[in-house]
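Take a look at the structure below.
Chains as they are written, first to last, in UniProt numbering: chain Y, 1 to 340; chain G, 1 to 384.
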């Protein structure tokens with residue numbers, strides 16, 4: 001047993017970080033806030049670098065790596081606040097033509113959520129609708145113990161579900177003002193089920209949750225760095241605010257959250273166990289959201305402004321926390337698991 | 001990122017499991033929680049069984065009498081012994097987990113030959129004389145004085161929070177050997193026999209009702225200079241070696257135990273109807289995630305230690321911070337499950353709930369740990 005990253009994994013992480021720093025630095029990030037359309041050239045560049053084809057076998061033009069490597073890459077994307085349906089394109093690279101190379105952009109949509117939300121509707125070529133997740137009867141308000149505690153959820157987990165695809169221009173949608181300025185959303189008003197797509201949906205859900213958790217982890221780590229960087233430089237009462245124990249303790253707690261989430265996310269990437277993925281998503285969601293809030297607190301009044309990037313991390317963290325299993329659903333599933 | 005165990009490690013696990021299956025049914029019943037002489041006898045007898053079977057000092061180096069096992073094997077040992085319900089390290093805690101490793105790392109050949117074998121055989125029990133009444137978390141403020149007189153130090157002062165002092169043979173004692181230099185530089189590390197004239201032990205009763213630790217008063221106790229480990233006034237550095245062992249590996253078996261208790265809590269709640277409480281059920285689900293992650297963090301830390309020279313790194317502070325609070329949340333949840341039964345002081349979960357209150361204080365309070373993480377890991381400036 002050696003849980004640490006291999007040399008190749010560290011190189012992949014560092015290389016991804018460098019690529020994103022070069023192509024999606026702070027200036028590009030702030031420009032995207034004002035004009036949130038996806039940069040097709042960047043998308044193709046990411047495709048060319050193997051960002052989406054990471055897990056495809058080499059004979060299919062892929063890189064032949066595994067889920068742990070995909071997690072490391074998406075952690076970096078989360079750090080950089082890179083926008084776009086990254087998880088969808090990573091998961092559908094082998095299933096939809098052109099996605100692996102970054103030529104076509106697809107999004108995933110969870111049919112059982114209400115409202116049914118679609119990320120980057122103006123930038124997508126196709127939308128893949130996924131059905132058969134944790135039903136609202138099990139996870140919504142007032143649910144949970146209809147047919148015995150956790151029964152509805154257990155049943156939902158067992159459902160195989162299905163997926164279907166639609167060209168983006170054939171989907172009826174209603175406007176929806178996104179909380180996250182970097183992630184435009186639309187509400188899907190007509191769930192078309194005409195073109196089924198053969199996918200292992202339970203597996204897709206599991207991997208989508210894990211890769212989303214990986215982005216949350218990257219964001220949680222980044223906000224620790226932002227808080228610490230600010231605490232070292234910002235002076236009050238003639239000293240850096242980082243000398244104050246109250247600030248130190250906020251920062252230390254942020255690191256603890258991020259590192260606990262890292263252990264959970266990396267382990268789930270290795271074992272691919274459903275319970276570990278659920279736990280990883282729960283802890284990474286919390287780390288991203290809580291760390292962004294604490295980072296905002298450390299930044300004081302400036303943290304509450306649009307000028308500082310903290311709100312972008314918080315809003316994206318909230319958005320991701322709503323996708324592929326909420327805290328409530330995760331806790332119910334994990335409670336149920338204790339009785340198994 | 002590899003979480004599979006090698007064939008050698010799996011073989012080690014299988015042999016250990018077989019041995020535990022053979023010997024555990026024949027163990028005498030556990031002594032009462034407050035019977036410290038009984039617990040000493042029980043714990044040292046178990047240590048002797050480990051010694052005879054070749055499992056004593058598993059993670060100690062071979063030249064110190066240990067088995068030279070890898071940190072991963074040590075992890076497997078702690079996992080399997082806890083899973084099988086084997087006795088915990090108990091009264092041998094200080095000797096095996098920090099005094100011994102410190103002596104192995106810093107002692108002279110003569111000191112190692114004298115003190116290490118009796119720890120491994122279960123003959124000697126050690127206690128820790130670090131903390132003082134006026135120097136809690138600020139360990140370097142200690143005032144117990146040692147004045148050189150020929151071949152001896154004459155030691156006077158008082159120690160506190162000394163676990164197992166009532167039944168210990170030896171004490172790892174920090175003393176001030178030079179009061180005129182900056183406070184970290186005038187400290188020495190001594191091995192003190194607990195039966196030396198001038199040593200008085202006054203057991204302290206914890207809020208859990210146990211006398212697991214004591215105050216130790218030292219009145220002109222003569223300790224041979226040859227009992228000093230490391231150079232005179234170099235005790236602070238030796239102490240840091242000790243503390244890194246204490247923080248890094250001391251809680252591994254407990255995480256396994258907490259995961260077992262969490263499952264038992266869920267089943268008990270299902271049986272008594274408390275499971276229908278959404279808040280409680282979600283708390284248990286969340287704790288499931290927490291303890292699973294803490295176990296993975298342990299594996300991460302062990303992997304780091306295995307490749308970084310064996311002394312656990314700062315991951316220990318991150319672990320300790322989260323674990324100490326998660327343990328308290330676990331037993332608070334147990335009280336929710338028990339309802340009025342949580343007022344029964346003899347219930348195992350209630351006793352553990354009480355003792356869990358010490359976890360955010362002992363071995364460096366959460367507040368001190370946060371300072372360590374902020375300053376040494378995150379590089380924030382020192383406070384005033």
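Note that beta-carbon positions come from the ideal geometry of N, C-alpha and C, so glycine has one too.
For the beta strand (DSSP E) containing residue 188 of chain Y, list its first residue and its last residue.
-> 185-188
Can you have a look at residue 301 of chain G and say buried or exposed, based on whether 16 or more other CB atoms are within 10 angstroms of its CB?
-> buried
Buried or exposed by the 16-neighbour rule on C-beta atoms within 10 Å, applied to residue 10 of chain G | exposed
Straight-line CA distance for residue 366 of chain G to residue 327 of chain G?
-> 13 Å
Give a yes or no on whether the minimum CB-CB distance between residue 380 of chain G and chain Y is below 7 Å.
-> yes
What separation, rounded to the nearest whole angstrom, lies between the Cα atoms of residue 73 of chain G and residue 127 of chain Y?
-> 49 Å
Is any beta-carbon of chain G found at less than 7 Å from that of residue 315 of chain Y?
-> no
Determine whether the Cβ of residue 202 of chain G lies closer than 7 Å to any Cβ atom of chain Y.
-> no
Going along chain G, which residues have a C-beta under 8 Å from residue 51 of chain Y?
-> The contacting residues do not exist; residue 51 of chain Y stays about 20 Å from chain G at best.
Other residues of its chain near residue 124 of chain G: CB distance less than 8 Å, five sequence neighbours each side excluded = 95, 115, 118, 169 and 170
Per-residue contacts from residue 263 of chain Y into chain G (C-beta, under 7 Å) | 293, 296, 297 and 300
Could you check the C-alpha separation between residue 283 of chain G and residue 153 of chain G for me, to the nearest Å?
-> 54 Å
Out of curiosity, what's the CA-to-CA distance linking residue 288 of chain Y and residue 282 of chain Y?
-> 10 Å
Contact set for residue 299 of chain Y: own chain, Cβ-Cβ below 7 Å, skip 5 residues either direction | 230, 308 and 310
At 8 Å on the CB atoms, spell out the chain Y contacts of residue 9 of chain G, in chain order.
-> 1
Proximity below 7 Å, CB of residue 277 of chain Y to CB of residue 209 of chain Y = yes
Opposite residue 126 of chain G in the DSSP bridges: which residues?
-> G/170
When burial is assigned at 16 or more other CB atoms within 10 Å of the CB, is residue 4 of chain G buried or exposed?
-> exposed
Tell me, to the nearest whole angstrom, how far the beta carbon of residue 233 of chain G is from that of residue 185 of chain G; I am working on the premise that it is less than 8 Å.
-> 6 Å
Kindly indicate which three-state DSSP category residue 153 of chain G falls into: helix, strand or coil?
-> strand
So the alpha helix (DSSP H) residue 162 of chain Y belongs to, where does it begin and stop?
-> That residue, residue 162 of chain Y, is in no alpha helix (DSSP H); its beta strand (DSSP E) goes 162-167.
Terminal residues of the continuous beta strand (DSSP E) containing residue 187 of chain G?
-> 187-193
If you run the structure through DSSP and keep just helix, strand and coil, what is residue 108 of chain Y?
-> strand
CB residue 86 of chain G to CB residue 43 of chain G, shorter than 7 Å?
-> no
Three-pair Cβ contact test at 8 Å for the stretch 285-304 of chain G versus the stretch 257-277 of chain Y = yes
Amino acids of chain Y, ordered along the chain, whose beta-carbon sits closer than 7 Å to that of residue 4 of chain G = 1
Going along chain Y, which residues have a C-beta under 9 Å from residue 74 of chain G?
-> Near residue 74 of chain G there are no residues of chain Y at all, since even the closest Cβ is about 12 Å away, more than 9 Å.
Sequence-distant residues of its chain with Cβ nearer than 6 Å to residue 88 of chain Y (five each side left out) = 106, 107 and 108
Going straight from the alpha carbon of residue 34 of chain G to that of residue 90 of chain Y, what length do you get?
-> 59 Å
Can a CB atom of chain G be found closer than 7 Å to the CB of residue 260 of chain Y?
-> yes
Could you pull out every residue in the same chain whose Cβ sits closer than 8 Å to the Cβ of residue 103 of chain Y, ignoring the five residues on either side in sequence?
-> 44 and 47
Would a C-beta distance cut-off of 7 Å place residue 119 of chain Y and residue 183 of chain Y closer than the cut-off?
-> yes
Smallest Cα separation from residue 198 of chain Y: which of Y/64, Y/85 and Y/95?
-> Y/95
Residue environment, residue 26 of chain Y, which counts as buried when at least 16 other CB atoms sit within 10 Å = exposed
Three-way DSSP call (helix, strand, coil) for residue 175 of chain Y in this model | strand
Determine the contact status of residue 13 of chain Y and residue 218 of chain Y, defining contact as a CB-CB distance below 7 Å.
-> no
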